[in-house]
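Numbering (UniProt numbering), first residue to last: 1 to 87.
One structure below.
Encoded structure:
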């Protein structure tokens, strides 16, 4: 059954996207930059979390810094959403 389902989806023609105009390209690039920034924020927060779990060998980030990173992440998400919603 799984093989039949895979064959069905693999036999379908690939969807083609219409060419993007300059405005759409800029919006996608803006969203991509925001998501790259969000990835960096999450990397820092994950590293802090791993330090916290590993023990007191290194001090964790200050709570104010963690709060700031969370706020920055939320702003980056809002920026990416706004870029994708622009006409």
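Cβ atoms here follow ideal geometry from the backbone N, Cα and C, with glycine treated the same way.
Measure the alpha-carbon distance for residue i versus residue j and round it to whole angstroms.
i	j	result
residue 28	residue 83	7 angstroms
residue 38	residue 25	20 angstroms
residue 50	residue 18	43 angstroms
residue 81	residue 45	22 angstroms
residue 57	residue 47	13 angstroms
residue 42	residue 74	11 angstroms
Quick one: what does DSSP say residue i is sitting in, helix, strand or coil?
i	result
residue 35	helix
residue 55	coil
residue 24	helix
With burial defined as no fewer than 16 other Cβ atoms inside 10 Å of the residue's Cβ, what is the status of residue i: buried or exposed?
i	result
residue 76	buried
residue 34	buried
residue 78	exposed
residue 31	buried
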